[in-house]
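In what follows, a structure is listed as structure tokens, so that the remarks can point back to it.
In UniProt numbering, the protein residues as written are 1 to 297.
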């Protein structure tokens, strides 16, 4: 009997912990932060302040000058209270889409810009997030990174509604900036080009294609990013090396950078950044061992 009572006690304690974690009202939002991540929960979710947001200098992003100028112009209008558009950044992986959005926070935070990161699986909470932001004096970018959808995913509909598809007016202090490797955010199939989709029996397949295009069409600004050529890749690698205090870009370093890109299968800003970190780390570590009198590894 005592064992049964102990078991009931443990179950009660477990239920209390579950209730405290999932059913209790979320704590008040820390509005002193610069950025938040939306934390979904059965109790309604909350804006979780990021103590150490990733701040990137706009000047560090090379060979995306046209895209940079356009998104900076749009964001500058927004933070000064003028009309601006939601932005969709699409294209090759590792070309600076996400970094460009993150860099906006460092540039415009002194002017009141704040950022809310929302994971793809939590996009169904977008209307609730917008309500949390409505009426605040700050200007918010709701950042959705690396988006892609299947046709039946609920987040697809929620994003459409927030962009401009709801009877309720959108909040004028919040914009959505999203990145994706897909131009239309959804998979496209050869069957979409057929006059009649015999397999599904759909009479007007063109309407399905329009449904897929409708989401990306709701973004007022589209910015496309392309894979770097060799010269651009090397220039970005040299810039990142200068960031880490290495100004010399010798033939040996150049060959190492090209070899790095070859093994990664990509000439991109991301691979250039990763090479620079690796090379700067090697050089710095070797110098420290030499000054300490340790034999080279």
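Yeah, the Cβ is synthetic: ideal placement off N, Cα and C, and Gly gets one too.
Measure the C-alpha to C-alpha separation of residue 269 and residue 11 and round it to an integer number of angstroms. Locating residue 269 in the chain shown gives position 269, where the first residue counts as 1. Locating residue 11 in the chain shown gives position 11, where the first residue counts as 1. One C-alpha to the other measures close to 52 Å.
May I have the straight-line CA-CA distance separating residue 59 from residue 239, to the nearest angstrom? The sequence position of residue 59 within the chain shown is 59, counting from 1. The sequence position of residue 239 within the chain shown is 239, counting from 1. Whole-angstrom Cα-Cα distance: 10 Å.
Would you call the segment 102–120 and the segment 132–151 in contact, with 3 or more CB pairs under 8 Å? yes
Separation of residue 54 from residue 177, as counted between CA atoms: Counting from one through the chain shown, the residue named residue 177 turns up at place 177. Counting from one through the chain shown, the residue named residue 54 turns up at place 54. Distance between the alpha carbons of residue 177 and residue 54: 16 Å.
Rounded to a whole number of angstroms, what is the C-alpha to C-alpha distance between residue 97 and residue 132? Start at 1 with the first residue of the chain shown, and residue 97 comes out as number 97. Start at 1 with the first residue of the chain shown, and residue 132 comes out as number 132. Taking the straight line from one Cα to the other gives about 26 Å.
So what does residue 115 bridge to, in DSSP terms? Reading the chain shown from its first residue, position 115 is the one you call residue 115. DSSP output for residue 115 lists 35 and 141 as bridge partner(s).
Indicate whether residue 267 and residue 219 have their beta-carbon atoms separated by less than 8 Å. If you number the chain shown from 1, residue 267 lands on position 267. If you number the chain shown from 1, residue 219 lands on position 219. Not in contact: residue 267 and residue 219 (Cβ atoms no closer than 8 Å).
Going by DSSP, name the residue or residues bridged to residue 91. As a working note, residue 91 is residue 91 in the chain shown. According to DSSP, residue 91 bridges with 225.
Thinking C-beta only, is residue 279 closer than 8 Å to residue 241? Position 241 of the chain shown holds residue 241. Position 279 of the chain shown holds residue 279. In contact: residue 241 and residue 279 (Cβ atoms closer than 8 Å).
Have a look at residue 32 and residue 215 and give me their C-alpha separation to the nearest angstrom. As a working note, residue 32 is residue 32 in the chain shown. As a working note, residue 215 is residue 215 in the chain shown. Going from the Cα of residue 32 to the Cα of residue 215 covers about 33 Å.
Cutoff 7 Å; reference residue 252; Cβ partners in own chain excluding five residues on either side: Looking up residue 252 in the chain shown gives position 252. Result list for residue 252: empty, nothing under 7 Å.
What would DSSP say about residue 67, mapped onto helix, strand or coil? As a position in the chain shown, residue 67 is number 67, starting the count at 1. Helix.
Mapping DSSP to helix, strand and coil, what is residue 48? As a position in the chain shown, residue 48 is number 48, starting the count at 1. The answer is strand: DSSP assigns residue 48 an E or B state.
Need the endpoints of the beta strand (DSSP E) that residue 180 sits in, please. Taking the chain shown and counting its residues from 1, the one referred to as residue 180 is at position 180. First-last of the beta strand (DSSP E) with residue 180: 174–180.
Residue 71 vs residue 223 beta-carbon contact at 8 Å: Residue 71 sits at position 71 when you count from the first residue of the chain shown. Residue 223 sits at position 223 when you count from the first residue of the chain shown. Cβ atoms of residue 71 and residue 223: closer than 8 Å.
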